[in-house]
Amino acid sequence: AAGVIQSPRHLIKEKRETATLKCYPIPRHDTVYWYQQGPGQDPQFLISFYEKMQSDKGSIPDRFSAQQFSDYHSELNMSSLELGDSALYFCASSLRDRVYGNTIYFGEGSWLTVV
Amino acid sequence: GEDVEQSLFLSVREGDSSVINCTYTDSSSTYLYWYKQEPGAGLQLLTYIFSNMDMKQDQRLTVLLNKKDKHLSLRIADTQTGDSAIYFCAEDGGATNKLIFGTGTLLAVQP
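Heads up: the sequence lines are chains E and G, in that order.
Add 594 to the 1-based position in the first sequence for our numbering, that's all there is to it.
Just so it is clear: in the second sequence, position 32 is 27 by our numbering, and no numbers are missing.
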């Protein structure tokens, strides 16, 4: 079965540079989420989109922005990178179901290292 | 993870049962989830339970939910070395549909 696809899997950037992460949700899923997991930490919710509209916002820095495109893929743009942005970034997707709820599946993550 | 708590570490012998516990705070959560994360890997959805259920069994996994005490547990029967990983519980915060993760429990299975 198709899973959530993230690219790139690994990324090394210098401070103050910009990085873009891409996410391709499971086909027919209507909701995309972005999470950040720092070393030894639990994943923290950043932002989500439902049917291409932003649906919820978490602890996402102002330097970060995200969007969901017409084909439902999503991109997370991170500018003015700081050392503390080094983390594993997860994308997840789900299909909202009024009966069965909202089972959320995660991608393998994109490792961002800021040097 | 400040609203969802788990014990940090659990060590068991291969073949024993493992029980990983989680306490959460948001009583409006609709679903509660268990995810497994192996070193350097992504989050694998193991199982989930609807908030109006007390128990759910899925092969070697048994989830127990005590909604009154806001306590969730995951029991793994016949634990194998391949079960060694970090296990995260998560709540969906009700209508927000975003997951709030616990601190994670590192399960170490000794051969």
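All residues carry an ideal CB built from backbone N, CA and C; glycine is no exception.
Closest residue to residue i among the options (Cα-Cα distance)
i                      : options                    : result
residue 54 of chain G  : G:14, G:42, G:34, G:28     : G:42
residue 689 of chain E : E:645, E:613, E:632        : E:645
residue 85 of chain G  : G:10, G:47, G:66, G:36     : G:66
residue 15 of chain G  : G:9, G:22, G:29            : G:29
residue 34 of chain G  : G:101, G:105, G:106        : G:101
residue 44 of chain G  : G:60, G:31, G:37           : G:60
residue 664 of chain E : E:600, E:618, E:601, E:598 : E:618
residue 622 of chain E : E:687, E:659, E:706, E:669 : E:687
residue 680 of chain E : E:698, E:704, E:662        : E:704
residue 672 of chain E : E:662, E:655, E:636        : E:655
residue 678 of chain E : E:707, E:634, E:599, E:643 : E:707
DSSP beta-bridge partners of residue i
i                      : result
residue 671 of chain E : E:614, E:659
residue 100 of chain G : G:82
residue 18 of chain G  : G:0, G:66
residue 641 of chain E : E:628, E:651
residue 623 of chain E : According to DSSP, residue 623 of chain E bridges with nothing at all.
residue 600 of chain E : E:617
Distance between residue j and residue i (C-alpha atoms, nearest Å)
i                      : j                      : result
residue 18 of chain G  : residue -1 of chain G  : 6 Å
residue -4 of chain G  : residue 81 of chain G  : With a pLDDT of only 48 at residue -4 of chain G, under the threshold of 50, the placement of this residue in the model should not be trusted; the figure read from the coordinates follows. Cα-Cα distance, rounded: 14 Å.
residue 2 of chain G   : residue 39 of chain G  : 20 Å
residue 647 of chain E : residue 602 of chain E : 24 Å
residue 74 of chain G  : residue 49 of chain G  : 23 Å
residue 562 of chain E : residue 99 of chain G  : For residue 562 of chain E there is no data in the structure shown, the boundaries of chain E being 595 and 709.
residue 10 of chain G  : residue 79 of chain G  : 13 Å
residue 699 of chain E : residue 629 of chain E : 12 Å
residue 189 of chain G : residue 640 of chain E : Limits of chain G in this structure are -4 at one end and 106 at the other, which puts residue 189 of chain G out of reach.
residue 63 of chain G  : residue 675 of chain E : 44 Å
residue 657 of chain E : residue 612 of chain E : 10 Å
residue 684 of chain E : residue 634 of chain E : 15 Å
residue 76 of chain G  : residue 636 of chain E : 23 Å
residue 21 of chain G  : residue 27 of chain G  : 11 Å
Neighbourhood of residue i by C-beta distance below 6 Å, restricted to the same chain and skipping five residues each side
i                     : result
residue 6 of chain G  : 103
residue 83 of chain G : 30, 96, 97, 99
residue 8 of chain G  : 105
Sequence-distant residues of its chain with Cβ nearer than 7 Å to residue i (five each side left out)
i                      : result
residue 709 of chain E : 606, 608
residue 662 of chain E : 626, 643, 646, 668
residue 596 of chain E : 620, 621
Distance between beta carbons of residue j and residue i, contact taken as under 8 Å
i                      : j                      : result
residue 625 of chain E : residue 649 of chain E : 7 Å
residue 25 of chain G  : residue 46 of chain G  : 6 Å
residue 669 of chain E : residue 36 of chain G  : About 23 Å; that fails the 8 Å criterion.
residue 23 of chain G  : residue 89 of chain G  : 3 Å
residue 616 of chain E : residue 600 of chain E : 7 Å
Closer than 6 Å: residue i CB and nearest the ligand FMN heavy atom
i                      : result
residue 620 of chain E : Because no ligand of any kind appears in the structure shown, any question about the ligand FMN cannot be addressed here.
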